[in-house]
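The next block holds one structure in the form of structure tokens; read it before the comments.
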Ligand code: BGP
């Protein structure tokens with residue numbers, strides 16, 4: 025029996041834009057996702073946009089009962105900035121009533137809300153002023169964060185500022201998957217720095233306001249493994265780790281920006297604009313805990329072609345062919361549970377053994393209907409095996425002394441996802457797109473047993 029620590033948080037994660045639906049109703053203003061969809065619906069899988077999703081804006085009461093039915097004791101979602109502050113300044117009272125009722129409903133079902141403030145959903149009004157490229161977004165975010173602490177601080181104990189900040193940096197400014205879909209390394213770095221400052225000012229405001237509870241950030245950690253032990257590949261893995269992981273982990277947990285990152289950016293004429301007090305503010309406002317999203321490792325090798333100064337991350341490291349690795353045949357991502365153990369030890373050894381939790385981990389499956397049995401239940405043994413293996417590695421990390429306090433699966437109900445629409449299903453509950461009906465999958469039954477015994481057999 026692998027028993028987890030007392031009071032371990034067993035839950036699931038989602039975001040407002042992927043679950044609430046009702047894009048333009050109830051006073052919400054558009055985010056970049058709503059607008060991008062309006063402009064280019066063909067970019068989205070099967071032309072499905074974020075206007076409906078799993079409709080939790082209307083179904084949260086029943087959904088909280090569904091969480092309780094499988095004994096989840098925590099749930100992470102986000103607040104939609106565009107719903108709470110449609111113009112950035114004026115509080116939308118319907119949004120306040122909705123979120124207060126939603127969080128109360130979770131709590132009365134024995135589910136602790138973990139509330140995140142930004143999950144890729146930049147308000148359109150702010151995007152028109154430059155989005156994260158503009159310094160104005162830093163103060164705008166801090167104002168929004170403080171409004172949330174004021175309005176919901178009595179219902180929320182665990183806050184996080186951003187989900188996977190590196191994703192809106194890379195996908196929006198390097199790879200074309202998120203609006204504004206441009207390819208500009210220098211802008212990407214400025215966007216990353218402004219995001220870091222927005223996070224920092226939110227933490228500062230939380231601490232100065234003496235709100236109860238704790239504040240953290242959610243990062244996507246894909247440990248970087250080199251293709252070979254050659255000096256070049258090892259260096260590429262270190263650079264990938266520096267750019268993707270340490271760039272946010274160091275400042276948010278340790279209060280410092282790695283010296284070698286500053287040197288690298290300076291050597292490539294990529295240093296962002298920084299204001300006088302910024303580094304000091306970062307130093308003083310570190311987080312109480314971190315959330316780690318983990319899906320797959322990063323396999324890297326030395327770059328085959330180098331530009332000087334650098335034009336893209338490929339000038340520092342390249343991903344290499346995954347052949348020979350265990351791959352999720354239904355989603356295409358590598359399955360490597362051992363990385364969770366490596367993450368646990370990295371946090372223990374390099375990041376002050378700070379409290380942390382797995383804020384997302386899960387297995388996406390395309391065309392999951394094919395696994396439905398005659399009773400209508402999805403028999404997702406592959407997902408059970410996936411979670412079992414990841415939890416075993418996490419347990420090993422905890423046994424080794426890592427300070428992990430929870431595990432959140434992605435996700436609770438199959439959800440809409442960015443450009444992928446409903447292609448990849450992840451939920452404990454299957455979502456029927458015709459009628460919004462939710463049906464528990466085999467993995468949901470299995471997870472309930474894990475929660476009940478607080479561990480694995
Ligand atoms: C994470 C995001 C989630 C979710 C998940 C699954 O990076 O935080 O929002 O989308 O990935 O990704 P996908 O839906 O593309 O399979």
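Residue numbers (the numbering used here): 25 to 481. Just so it is clear, CB atoms sit at the ideal spot from N, CA and C, and this is done for glycine as well.
(message) DSSP three-state label for residue 389, please.
(response) strand
(message) If I follow the unbroken alpha helix (DSSP H) through residue 92, where does it start and stop?
(response) 80-93
(request) Thinking residue 14 and residue 76 are a contact (beta carbons under 8 Å), I'd like their distance in whole angstroms, please. (result) There is no way to answer for residue 14, as the model of the chain reaches only from 25 to 481.
(request) From the DSSP output, in three-state form, read off residue 227 for me. (result) helix
(request) Excluding the 5 residues preceding and the 5 following residue 365 in the sequence, name in chain order all residues of the same chain whose CB lies nearer than 6 Å to its CB. (result) 417, 420 and 421
(request) Examine the ligand BGP and report whether any of its heavy atoms sits within less than 7 Å of the Cβ of residue 393. (result) no
(message) the ligand BGP and residue 441: does any heavy atom of the ligand fall closer than 7 Å to the residue's C-beta?
(response) yes
(message) Quick check on this structure: which residue in 333, 382 and 260 has the alpha carbon closest to the alpha carbon of residue 327?
(response) 260
(request) Report yes if the C-beta distance between residue 339 and residue 238 is below 8 Å; otherwise report no. (result) no
(request) Over the uninterrupted beta strand (DSSP E) stretch that includes residue 454, give me the two end residues. (result) 453-455
(message) If I follow the unbroken alpha helix (DSSP H) through residue 466, where does it start and stop?
(response) 466-477
(message) One question on the structure: do residue 482 and residue 242 come within less than 8 Å of each other, judged by their Cβ atoms?
(response) Because the chain here runs from 25 to 481, residue 482 falls outside it and cannot be looked at.
(message) Looking at residue 191: is its Cβ nearer than 8 Å to the Cβ of residue 244?
(response) yes
(message) Quick check on DSSP: helix, strand or coil for residue 272?
(response) helix
(request) Find out if the Cβ-Cβ distance for the pair residue 263, residue 199 is shorter than 8 Å. (result) no
(request) Pull up the distance between the alpha-carbon of residue 470 and that of residue 26, whole angstroms please. (result) 15 Å
(request) May I have the straight-line CA-CA distance separating residue 286 from residue 90, to the nearest angstrom? (result) 48 Å
(message) Tell me whether residue 382, by its Cβ, gets closer than 7 Å to a heavy atom of the ligand BGP.
(response) no
(message) Within a Cβ cutoff of 8 Å, which residues of the same chain sit near residue 141, ignoring the five residues on either side of it in sequence?
(response) 102, 103, 105, 165, 168, 169, 172, 183, 184, 185, 186 and 226
(request) Could you pull out every residue in the same chain whose Cβ sits closer than 6 Å to the Cβ of residue 258, ignoring the five residues on either side in sequence? (result) 250
(request) Taking only the alpha-carbon atoms, compute the straight-line gap between residue 268 and residue 121 and give it to the nearest angstrom. (result) 38 Å
(message) Does residue 100 pass the burial test, meaning 16 or more other C-beta atoms within 10 Å, or should it be called exposed?
(response) buried
(request) Kindly indicate which residue of 367, 177 and 448 has the alpha-carbon position closest to the one of residue 424. (result) 367
(message) Quick check: the region 430-440 against the region 28-35, are at least 3 beta-carbon pairs closer than 8 Å?
(response) yes
(message) Assuming residue 242 is part of the beta strand (DSSP E), what are its boundary residues?
(response) 238-244
(request) With hydrogens ignored, establish whether the beta-carbon of residue 57 is closer than 7 Å to any heavy atom of the ligand BGP. (result) no
(request) Answer with buried or exposed for residue 49, where buried requires no fewer than 16 other C-beta atoms within 10 angstroms of its C-beta. (result) exposed
(message) Quick check on the burial criterion: 16 or more other C-beta atoms within 10 angstroms. Buried or exposed for residue 299?
(response) exposed
(request) Following the continuous alpha helix (DSSP H) through residue 40, name the residue where it begins and the one where it ends. (result) 40-43
(request) Count the C-beta pairs between the region 339-359 and the region 274-282 that are closer than 8 Å, then say yes if the count reaches three, no if not. (result) no
(request) Would you kindly report the start and end of the unbroken beta strand (DSSP E) that includes residue 6? (result) For the chain, the structure presents residues 25 to 481; residue 6 sits outside this window and is missing.
(message) Assuming contact is defined by CB atoms lying nearer than 8 Å, are residue 294 and residue 206 in contact in what I supplied?
(response) no
(message) Going by beta-carbon coordinates alone, are residue 306 and residue 333 separated by less than 8 Å?
(response) no
(request) Could you check the C-alpha separation between residue 57 and residue 203 for me, to the nearest Å? (result) 7 Å
(message) Nearer than 7 Å: is that true of the beta carbon of residue 332 relative to any heavy atom of the ligand BGP?
(response) no
(request) Please name the residue, chosen from 465, 85, 302 and 316, that lies closest to residue 398 on a Cα-to-Cα basis. (result) 465
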